[in-house]
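**Q** If you read the protein sequences in the order shown, they are chains S and E.
Note that the numbering used here has the first sequence beginning at -13, numbered continuously upward.
Note that the numbering used here has the second sequence beginning at -4, numbered continuously upward.
Here a beta-carbon is modelled for each residue, glycine too, at the ideal position from N, C-alpha and C.
Predicted model only: the values in this text are computed from it and were never measured.
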Amino acid sequence: MDSNGGVDELLTELQSLKDSKLDIEARISVLEAQLQQIQSKQHPNQKGSSDCSNGGSESGHDLTPDMIYRYSRQLLLPSFGVQGQSNLLKSSILVIGAGGLGSPALLYLAACGVGRLGMVDHDVVELNNLHRQIIHGEAYIGRSKVESAAAACRSINSTIEIVEHKEALRTSNALEIVSKYDIVIDATDNAPSRYMISDCCVLLGKPLVSGAALGLEGQLAVYNYNGGPCYRCLFPTPPPTTACQRCSDSGVLGVVPGVIGCLQALEAIKVASLVGEPLSGRMLLFDALSARIRIVKIRGRSSLCEACGDNATVTHQKFQHFDYEKFTQSPLSAAPLKLKLLTADSRISSKEYDEVVKKGEAHILIDVRPSHHYKIVSLPKSTNIPLANLEDRLPEISSELKRKGIHDAPDAGIYVVCRRGNDSQRAVQLLHKMGFTSAKDIVGGLESWAHDVDQRFPTY
Amino acid sequence: MQLTLEFGGGLELLCDSVKIHSVNVDLPAEEKKLTMKHLLAWVRSNLIKERPEMFMKGDTVRPGVLVLVNDCDWELSGQLETTLEDKDVVVFISTLHGG
Ligand SMILES: [Zn+2]
Chain S
-13 MDSNGGVDEL
-3 LTELQSLKDS
7 KLDIEARISV
17 LEAQLQQIQS
27 KQHPNQKGSS
37 DCSNGGSESG
47 HDLTPDMIYR
57 YSRQLLLPSF
67 GVQGQSNLLK
77 SSILVIGAGG
87 LGSPALLYLA
97 ACGVGRLGMV
107 DHDVVELNNL
117 HRQIIHGEAY
127 IGRSKVESAA
137 AACRSINSTI
147 EIVEHKEALR
157 TSNALEIVSK
167 YDIVIDATDN
177 APSRYMISDC
187 CVLLGKPLVS
197 GAALGLEGQL
207 AVYNYNGGPC
217 YRCLFPTPPP
227 TTACQRCSDS
237 GVLGVVPGVI
247 GCLQALEAIK
257 VASLVGEPLS
267 GRMLLFDALS
277 ARIRIVKIRG
287 RSSLCEACGD
297 NATVTHQKFQ
307 HFDYEKFTQS
317 PLSAAPLKLK
327 LLTADSRISS
337 KEYDEVVKKG
347 EAHILIDVRP
357 SHHYKIVSLP
367 KSTNIPLANL
377 EDRLPEISSE
387 LKRKGIHDAP
397 DAGIYVVCRR
407 GNDSQRAVQL
417 LHKMGFTSAK
427 DIVGGLESWA
437 HDVDQRFPTY
Chain E
-4 MQLTLEFGGG
6 LELLCDSVKI
16 HSVNVDLPAE
26 EKKLTMKHLL
36 AWVRSNLIKE
46 RPEMFMKGDT
56 VRPGVLVLVN
66 DCDWELSGQL
76 ETTLEDKDVV
86 VFISTLHGG
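Spelled out as structure tokens, the structure:
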């Protein structure tokens, strides 16, 4: 048991202490916030305008001395000032998604003094989130994003009300949750959520600050505000599924959603405090690589819009039964697709492939991921032929088979792998069509290899 | 006619990953003006190198693509009937969903 010098025991105890520490810290911030709420209710004149000690009756506002000090740099802004801050403190904002966009948005909204700040997410924090989801820390890996974000917000500002919605937003709960807030921030990562949130905001008359980021680009707009267009006015028909790229497939530079999330907080603050000119009827396009921001004029509210037009068909009743996943042909969560294109006899598991290697069976392994994926990590002795080039590079497969002395027979060992086991199936379909009838794909791709065969194999 | 065409939101991947194209588009024969309809057909045959269905559907852009003529939604200038002038800037941008 003591073969590694008690390292395991130390690690176990460390982990359990760290977990307890997190729980205690979270509890402390909740209790502090509750105390603050009770005290402000019991002594309303401490922050009320009738309190003479802070000159409240003369200044005509209800900011307490602590608030004046905390928000002083905002009060000093002539265009924001006491009125803007008071409006902000009375407002409530809901941030949907505590990820790359939601992280900075939540931090700034908590810091600047939004009266009630709600957050919705059902995900847990993962290590590969941390490069962009800056509200979360290593200590929260494996724990609820909402819990993590709420603790971070409370540690910045224990004087505002923070509401945790640890659930996915669905048509069944969206109307109820959204109705409790004045302004909504869409910080989600998928098409069906965007349509659902926009429709919900139209039904409830809530302004919507919508942001999106992918790769090195970002987009931002304020919808359903002051007679301006809604998301559906602009995009009445959902795009094809193939046009909806995900950060988990296409990548994203962490700071890019950070920039857009900050701008979302800014637009929400402007709407809440009634200061400035929100980005309604316009859209901001951000291109990080060329360092360019372009603001364009977009169409106004469409009288033909299904959601907000003259003959709108989206009603409360219909909304609750509308299938947004079917409408957009893509899932509400960012979970990757699991295709099933091949029959079982054209597939092998990663464990079975491991046997093929161990037995030294003659075979070739084709990795059909894009070359920049292949550069991150690959299996030994695999050949990288990206799916997009497969058809043009079939002769390479024939010569590789010949070189290894494998005859182009029905049982020739041709295995195909990709990241998760979707593209490998597409590749095998193509290979079968082109005469390589023995080709098989590895179910679940490199992810299953890392999970079932070699736990030290990197995943990304 | 000298035009600047820009592709963003992933559409640049359809034209060799080049985002900004300075192009010269001739007026179609027997036509006095160049419209967006002409330009789309020109772009499809001259700039789009792969998966044209990711750019167009029928004779217009596919759902989810915004077209901006001089930083203005083409919906405001007549969509396919929008008339283009020398030195105009036309942006094609695919809407993003990530976060
Ligand atoms: Zn609308």
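Please indicate yes or no: does the CB of residue 254 of chain S lie closer than 7 Å to some heavy atom of ligand 1?
**A** Taking the first sequence and counting its residues from 1, one reaches residue 254 of chain S at position 268. It does not: the Cβ of residue 254 of chain S is nowhere closer than 7 Å to a heavy atom of ligand 1.
**Q** In three-state DSSP terms, what is residue 450 of chain S?
**A** Absent from the model: residue 450 of chain S. The displayed extent of chain S is -13 to 446, so no value can be given.
**Q** At the 8 Å Cβ level, is residue -4 of chain E part of the contact set with chain S, yes or no?
**A** Looking up residue -4 of chain E in the second sequence gives position 1. Not an interface residue.
**Q** Tell me, please, whether the CB atom of residue 94 of chain E is closer than 8 Å to any CB atom in chain S?
**A** Here residue 94 of chain E corresponds to residue number 99 of the second sequence, with the count starting at 1. Yes, residue 94 of chain E lies at the interface with chain S (some Cβ there is under 8 Å from its Cβ).
**Q** Any Cβ of chain E within less than 8 Å of the Cβ of residue 273 of chain S?
**A** Against the first sequence, residue 273 of chain S aligns to sequence position 287. It does; some Cβ of chain E falls within 8 Å.
**Q** Using a Cβ-Cβ cutoff of 9 Å, what residues of the segment 196 to 230 of chain S are near chain E? List them in chain order.
**A** Taking 9 Å as the Cβ-Cβ cut-off against chain E, the residues of the segment 196 to 230 of chain S that qualify are 197, 198, 199, 200, 201, 203, 204, 205, 220, 221, 222, 223, 224, 225, 226, 228, 229, 230.
**Q** Taking the C-alpha atoms as reference points, what is the distance between residue 22 of chain S and residue 310 of chain S?
**A** Taking the first residue of the first sequence as position 1, residue 22 of chain S is located at position 36. Taking the first residue of the first sequence as position 1, residue 310 of chain S is located at position 324. Approximately 40 Å, taken between the alpha carbons.
**Q** Taking 8 Å as the cut-off, decide whether the C-beta atoms of residue 334 of chain S and residue 426 of chain S are in contact.
**A** Mapped onto the first sequence, residue 334 of chain S falls at position 348. Mapped onto the first sequence, residue 426 of chain S falls at position 440. For residue 334 of chain S and residue 426 of chain S, yes; Cβs fall inside 8 Å.
**Q** Using a Cβ cut-off of 9 Å, which residues of the segment 264 to 291 of chain S contact any Cβ in chain E, in chain order?
**A** Those residues of the segment 264 to 291 of chain S that come within reach of chain E (Cβ to Cβ, closer than 9 Å) are 269, 271, 273, 275, 276, 280, 281, 282, 283, 284, 285, 286, 288.
**Q** My parser needs the beta strand (DSSP E) runs of 3 or more residues fully inside the segment 272 to 308 of chain S; what are they?
**A** Within the segment 272 to 308 of chain S, the complete beta strand (DSSP E) runs of at least 3 residues are 278 to 283.
**Q** Should the segment 414 to 429 of chain S be called in touch with the segment 384 to 401 of chain S, which here means at least 3 C-beta pairs below 8 Å?
**A** The segment 414 to 429 of chain S, when compared against the segment 384 to 401 of chain S, does touch it at the 8 Å Cβ threshold.
**Q** For the segment 164 to 190 of chain S, enumerate the residues whose C-beta is nearer than 7 Å to any C-beta of chain E, in chain order.
**A** Flagged, chain order: 173, 174, 175, 176, 177, 180.
**Q** What residues of chain E sit near residue 412 of chain S, judged by a beta carbon separation below 9 Å?
**A** What you label residue 412 of chain S is simply residue 426 of the first sequence in a count that begins at 1. Result: empty, since nearest Cβ-Cβ is about 14 Å, beyond 9 Å.
**Q** Using a cut-off of 7 Å between C-beta atoms, extract the partners of residue 87 of chain S located in chain E.
**A** For the purposes of this step, residue 87 of chain S is taken as the residue at position 101 of the first sequence. Here the neighbours are 94.
**Q** Determine the contact status of residue 247 of chain S and residue 177 of chain S, defining contact as a CB-CB distance below 8 Å.
**A** In the first sequence, the residue the question calls residue 247 of chain S occupies position 261. In the first sequence, the residue the question calls residue 177 of chain S occupies position 191. The answer is no: Cβ separation not under 8 Å.
**Q** With respect to 7 Å, is the separation between the Cβ of residue 215 of chain S and the closest non-hydrogen atom of ligand 1 below this value?
**A** Here the question's residue 215 of chain S lines up with position 229 in the first sequence. Yes, the beta carbon of residue 215 of chain S sits closer than 7 Å to at least one heavy atom of ligand 1.
**Q** According to DSSP, residue 169 of chain S sits in a beta bridge with which residue or residues?
**A** The residue labelled residue 169 of chain S in the question sits at position 183 within the first sequence. S/79, per the DSSP bridge assignment.
**Q** For ligand 1, is there any heavy atom lying closer than 7 Å to the beta carbon of residue 412 of chain S?
**A** For the purposes of this step, residue 412 of chain S is taken as residue 426 along the first sequence, with counting starting at 1. For ligand 1, not one heavy atom lies less than 7 Å from the Cβ of residue 412 of chain S.
**Q** Can you tell me the Cα-Cα spacing of residue 33 of chain S and residue 179 of chain S, whole angstroms?
**A** Here residue 33 of chain S corresponds to residue number 47 of the first sequence, with the count starting at 1. Here residue 179 of chain S corresponds to residue number 193 of the first sequence, with the count starting at 1. Caution applies to residue 33 of chain S, whose pLDDT of 41 falls short of 50 and renders its modelled position unreliable; the model cannot decide the point.
**Q** Given a cut-off of 8 Å on the beta-carbon distance, is the pair residue 354 of chain S and residue 409 of chain S in contact?
**A** Within the first sequence, numbered from 1, the residue matching residue 354 of chain S stands at position 368. Within the first sequence, numbered from 1, the residue matching residue 409 of chain S stands at position 423. Their beta carbons are under 8 Å apart, which means residue 354 of chain S touches residue 409 of chain S by this criterion.
**Q** Which residues mark the beginning and the end of the beta strand (DSSP E) in which residue 150 of chain S is found?
**A** As a position in the first sequence, residue 150 of chain S is number 164, starting the count at 1. 147 to 151 is the extent of the beta strand (DSSP E) around residue 150 of chain S.
**Q** Could you pull the DSSP bridge partners for residue 42 of chain E from this structure?
**A** Walking along the second sequence from the start, residue 42 of chain E turns up at place 47. DSSP lists no partner for residue 42 of chain E.
**Q** Which one of S/146, S/105, S/88, S/153 has the shortest CA to CA distance from residue 119 of chain S?
**A** For the purposes of this step, residue 119 of chain S is identified with residue 133 of the first sequence, where counting begins at 1. Comparing Cα-Cα distances from residue 119 of chain S to each of S/146, S/105, S/88, S/153, the minimum goes to S/88.
**Q** Beta-carbon within less than 8 Å of residue 52 of chain E's beta-carbon, same chain only, minus the 5 sequence neighbours each way: which residues are those?
**A** The residue given as residue 52 of chain E occupies position 57 in the second sequence. Once the five neighbours on either side are set aside, the close Cβ partners of residue 52 of chain E are 58.
**Q** Rounding to the nearest angstrom, what Cα-Cα distance links residue 332 of chain S and residue 369 of chain S in this structure?
**A** Position 346 of the first sequence, counted from the start, is the residue given in the question as residue 332 of chain S. Position 383 of the first sequence, counted from the start, is the residue given in the question as residue 369 of chain S. Spanning the two alpha carbons is a distance of roughly 20 Å.
**Q** Tell me which same chain residues have a C-beta within less than 8 Å of the C-beta of residue 135 of chain S, skipping the five on either side of it?
**A** Position 149 of the first sequence, counted from the first residue, corresponds to residue 135 of chain S. If we look at residue 135 of chain S and ignore the five residues flanking it on each side, its Cβ neighbours are 84, 88, 89, 92, 105, 107, 121, 122.
**Q** Would a C-beta distance cut-off of 8 Å place residue 77 of chain S and residue 101 of chain S closer than the cut-off?
**A** Taking the first residue of the first sequence as position 1, residue 77 of chain S is located at position 91. Taking the first residue of the first sequence as position 1, residue 101 of chain S is located at position 115. A contact, by the Cβ cut-off of 8 Å.
**Q** Scan the segment 129 to 151 of chain S for residues whose Cβ lies nearer than 9 Å to a Cβ of chain E and list them as they occur along the chain.
**A** Here the close residues number zero.
**Q** Between residue 300 of chain S and residue 272 of chain S, is the Cβ-Cβ spacing less than 8 Å?
**A** The count along the first sequence starts at 1 and reaches residue 300 of chain S at position 314. The count along the first sequence starts at 1 and reaches residue 272 of chain S at position 286. No, the pair does not count as a contact, with Cβ atoms beyond the cut-off.
**Q** Are there any heavy atoms of ligand 1 lying less than 7 Å away from the beta-carbon of residue 118 of chain S, as far as the coordinates show?
**A** Start at 1 with the first residue of the first sequence, and residue 118 of chain S comes out as number 132. No.
**Q** Under 7 Å Cβ-Cβ, which residues of chain E neighbour residue 83 of chain S?
**A** As a position in the first sequence, residue 83 of chain S is number 97, starting the count at 1. Going along chain E in sequence order, the residues near residue 83 of chain S (Cβ under 7 Å) are 94.
**Q** Along chain E, which residues have their Cβ under 7 Å away from the Cβ of residue 232 of chain S?
**A** Residue mapping note: residue 232 of chain S aligns to position 246 of the first sequence, counting from 1. Per Cβ cutoff of 7 Å: 93.
**Q** When we look at the beta-carbon of residue 55 of chain S and count the other beta-carbons within 10 Å, is it buried (16 or more) or exposed?
**A** Position 69 of the first sequence, counted from the first residue, corresponds to residue 55 of chain S. By the 10 Å Cβ count, residue 55 of chain S comes out exposed.
**Q** Can you find a heavy atom of ligand 1 that lies under 7 Å from the Cβ of residue 288 of chain S?
**A** Locating residue 288 of chain S in the first sequence gives position 302, counting from the first residue. Yes - ligand 1 has a heavy atom lying nearer than 7 Å to the Cβ of residue 288 of chain S.
**Q** Between E/-2, E/10, E/91, which has its C-alpha nearest residue 45 of chain E's C-alpha?
**A** Taking the first residue of the second sequence as position 1, residue 45 of chain E is located at position 50. With distances taken between Cα atoms, residue 45 of chain E lies closest to E/10.
**Q** From the beta carbon of residue 23 of chain E, is the nearest beta carbon of chain S less than 8 Å away?
**A** Counting from one through the second sequence, the residue named residue 23 of chain E turns up at place 28. Cβ-Cβ to chain S under 8 Å: no for residue 23 of chain E.
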